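Counting in our numbering, the sequence shown runs from 16 upward without gaps.
By construction, the Cβ of each residue, glycine as well, lies at the ideal position given by its N, Cα and C atoms.
Computed from a predicted model, the values in this text were never measured in an experiment.
Before any comments, here is the structure.
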Amino acid sequence: MKNTDNAIDPVRYFGRLLGLDAAGMNALVTRALLGAEDGELYLERSESESVSLDDGRIESPSRSVDQGFGLRRVNGESVLYAHGNTITARAIIRAGKELREIATAKQRYEVREEFPQPKARYAGKLTSLSLAARVKVLRAIDRYARKDKAVTNVDAYFAASLVSVLIVRADGTIASDVRPMASMSVTAQCAEGGKREGASASIGGRYDYARLITPGIWKPEVDRAIKNAKEMLRAGPCPSGVMPVVLGPGWAGVLLHEAIGHGLEADCVWRKTTVFADLIGKRVGSELVTVVDDGTLADERGSLTIDDEGTPTERTVLIKDGMLVGFMHDRQSARLLAMRPTGSGRRESYEYRTQVRMRNTLMVGGATPPEDIIAATKRGLYMPSFGGGQVDPVTGQFVFSCELAYKIEDGKLTTPVVGATLIGNCATVLTHVDLVGNDSRLGGAGTCGKGGQSVPVGIGQPTLRLSGGVTVGGTETSPE
Numbered sequence: 016m017k018n019t020d021n022a023i024d025p026v027r028y029f030g031r032l033l034g035l036d037a038a039g040m041n042a043l044v045t046r047a048l049l050g051a052e053d054g055e056l057y058l059e060r061s062e063s064e065s066v067s068l069d070d071g072r073i074e075s076p077s078r079s080v081d082q083g084f085g086l087r088r089v090n091g092e093s094v095l096y097a098h099g100n101t102i103t104a105r106a107i108i109r110a111g112k113e114l115r116e117i118a119t120a121k122q123r124y125e126v127r128e129e130f131p132q133p134k135a136r137y138a139g140k141l142t143s144l145s146l147a148a149r150v151k152v153l154r155a156i157d158r159y160a161r162k163d164k165a166v167t168n169v170d171a172y173f174a175a176s177l178v179s180v181l182i183v184r185a186d187g188t189i190a191s192d193v194r195p196m197a198s199m200s201v202t203a204q205c206a207e208g209g210k211r212e213g214a215s216a217s218i219g220g221r222y223d224y225a226r227l228i229t230p231g232i233w234k235p236e237v238d239r240a241i242k243n244a245k246e247m248l249r250a251g252p253c254p255s256g257v258m259p260v261v262l263g264p265g266w267a268g269v270l271l272h273e274a275i276g277h278g279l280e281a282d283c284v285w286r287k288t289t290v291f292a293d294l295i296g297k298r299v300g301s302e303l304v305t306v307v308d309d310g311t312l313a314d315e316r317g318s319l320t321i322d323d324e325g326t327p328t329e330r331t332v333l334i335k336d337g338m339l340v341g342f343m344h345d346r347q348s349a350r351l352l353a354m355r356p357t358g359s360g361r362r363e364s365y366e367y368r369t370q371v372r373m374r375n376t377l378m379v380g381g382a383t384p385p386e387d388i389i390a391a392t393k394r395g396l397y398m399p400s401f402g403g404g405q406v407d408p409v410t411g412q413f414v415f416s417c418e419l420a421y422k423i424e425d426g427k428l429t430t431p432v433v434g435a436t437l438i439g440n441c442a443t444v445l446t447h448v449d450l451v452g453n454d455s456r457l458g459g460a461g462t463c464g465k466g467g468q469s470v471p472v473g474i475g476q477p478t479l480r481l482s483g484g485v486t487v488g489g490t491e492t493s494p495e
């Protein structure tokens, strides 16, 4: 970003815009949320920039700055929200008055969670990389990819952002955070014998461009995209039926995120819209399965110092040794379910109210080397990652697609296949995990959508085997 020499201190920056010190901001929010059970003033300034390369042409260099406020008023299950892009005390008081007129609750409840302001996880600046320097790296990516004669087209992009937030609560809490983000993506199109296929790879996290422009970082991503595209060119039809399925490490955790993680967000619990609502303390996985949602992992996309309600993030254990032991909570769900907030209240920007959201969701690694998991599987299917999918949160049924999978024959990966889908049930799928690898990691550059909002997340798991409980959809008869 451009303001590298003048890093933003959110407290000073927003205090200057409002013409108020900390005490004045507290008084402002107390007045704006008079009569509310809970709520907060959320102040945000964001900078973003990006540039892309498409078939050798540099396109869409852009840079933008935005800022605004959101005022949230909570009474029981009712949430009212107002936002604006003019940060003044007058605008905030007016928004509070409008929300108060709509609200039906008249009584004020004192709800105070004692959380010390944690140490900032990131610096208040993002190292700038000039447009010319980014273009140079994009062209280097293009040249490197085209050394493979099968490559016919290369798309790549760099993007970065820096978001500064200040959260003021009527109970006296003032919390701030600075959130950098950088990402890169590459798509390689390959052709052979009149057939054309494309594959993508991406990487990103809460760091600056310096991490991404290193050839040792971007070259493996380019290699992976090319390899997958070429594998798809020679791939055959996918077998179908009930069979053991081995899921790869990292991005294959999309299944865990979508099929399990969303059902453990506690707004679904108090609304009774998840199959997990009444399963706390019960077995939902094999004893090999431990799942956490961790907002404290260094440099990961879902990591934060505080959530968007001002609660410090943490490592929340959701499933331990196969038993469901917890949910992710924002302040509202914690109050309604008599639990404590876990720092899981997130929003896309100041224009949106908070929701219970995942941060970095992953399965903890086991003791088995991943190659031993393949070797222990006589026949089955290996799915290294997933694309799109659908989950019915009420019944728990899910269907996920896998662009590129591999047959497992006699304990070895053999023929690549396309057109695979995986069908199962959220509440039971993890009970069929019988081998867990020692290679747990986060992968890709995940963005999660829910309720019309998108937030960056970390997604991951180790290599693992499902001995049953799922059905593979494909175009070939299941092997005997």
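Pick from the options that is closest to residue i, judged by C-alpha positions
i	options	result
Tyr96	Lys210, Gly278 and Ala47	Ala47
Asp387	Ala147, Val80, Asp449 and Val307	Asp449
Cys205	Ala391, Val451 and Lys164	Lys164
Gly434	Asn453, Val487 and Arg368	Val487
Ala240	Ser217, Arg154 and Thr430	Ser217
Leu56	Ser79, Gly83 and Leu68	Gly83
Val193	Leu270, Gly439 and Glu62	Glu62
Ala174	Gly268, Gly484, Glu246 and Leu227	Leu227
Met373	Cys253, Glu273 and Val260	Glu273
Gly300	Gly483, Gly99 and Pro384	Gly483
Cys441	Arg361, Thr289 and Gly317	Thr289
Val332	Gly276, Leu351, Ala382 and Glu324	Gly276
Leu339	Met354, Met378, Tyr367 and Leu294	Leu294
Met258	Glu116, Leu248, Val414 and Ile438	Ile438
Glu491	Ser65, Pro254, Pro264 and Ser145	Pro254
Val306	Leu319, Val169, Ser400 and Arg330	Arg330
Gly71	Asp314, Val150 and Thr383	Val150
Continuous beta strand (DSSP E) stretch holding residue i: start and end
i	result
Lys422	Ala420 to Glu424
Lys210	Lys210 to Gly220
Val183	Val166 to Val183
Val406	Gly404 to Val406
Arg27	No beta strand (DSSP E) holds Arg27; the alpha helix (DSSP H) holding it covers Pro25 to Leu33.
Cys463	Gly461 to Lys465
Val261	Val260 to Leu262
Leu481	Leu479 to Leu481
Ser191	Ile189 to Glu207
Ile295	Per DSSP, Ile295 belongs to no beta strand (DSSP E) and is neither H nor E.
Phe413	Gln412 to Cys417
Gly395	Arg394 to Met398
Ser455	Careful: Ser455 lies outside any beta strand (DSSP E) and carries neither H nor E.
Val487	Thr486 to Gly488
Gly50	Run containing Gly50: none; DSSP gives neither H nor E here.
Val299	Unbroken run through Val299: none, as it is neither H nor E.
Val472	Gln468 to Gln476
Residue i, enclosing alpha helix (DSSP H) - first and last residue
i	result
Asn440	No alpha helix (DSSP H) contains Asn440, which is instead part of the beta strand (DSSP E) from Ala435 to Asn440.
Arg161	Leu146 to Arg161
Ala47	Ala37 to Ala47
Ile3	The structure shown does not extend to residue 3, since the chain is modelled only from 16 to 495, so the question has no answer here.
Ile232	Pro230 to Leu248
Arg226	Tyr224 to Leu227
Cβ-Cβ separation, residue j to residue i (assumed contact under 8 Å), whole Å
i	j	result
Gly458	Trp266	4 Å
Gly358	Asp322	4 Å
Ala244	Ala190	Rounded, the Cβ-Cβ distance is 45 Å, inconsistent with contact.
Ala250	Leu419	7 Å
Glu302	His98	Contact flag wrong, Cβ pair sits at about 46 Å.
Spatial distance of residue i from residue j (CA atoms)
i	j	result
Arg27	Pro327	20 Å
Gln476	Pro230	26 Å
Ile390	Ile182	Per the sequence shown, the amino acid found at residue 390 is Ala instead of Ile. C-alpha separation (whole angstroms): 52 Å.
Ile156	Tyr224	15 Å
Glu363	Tyr421	37 Å
Ala38	Asp407	47 Å
Lys335	Gly54	32 Å
Tyr222	Ala197	6 Å
Phe342	Leu279	5 Å
Thr376	Asp309	6 Å
Thr167	Arg161	7 Å
Asn90	Ser75	44 Å
Ala214	Val269	17 Å
Val15	Thr430	Within the shown structure, residues of the chain are numbered from 16 to 495, placing residue 15 beyond reach of any answer.
Gly426	Thr443	26 Å
Met398	Asp345	34 Å
Ser469	Ser145	28 Å
Gln412	Glu246	30 Å
Arg480	Phe415	16 Å
Neighbour flag for residue i against chain C, beta carbons, 7 Å
i	result
Gly360	You won't find chain C in this structure, because it holds only one protein chain.
May I have a chain-ordered list of the alpha helix (DSSP H) segments no shorter than 4 residues that lie completely inside the region 301–380?
-> 346–351
Of all the alpha helix (DSSP H) runs that stay within the bounds of the region 65–122, which reach a length of 4 or more residues?
-> 104–117
Residue ranges of each alpha helix (DSSP H) run of no fewer than 4 residues wholly in the region 254–289, ordered along the chain?
-> 281–285
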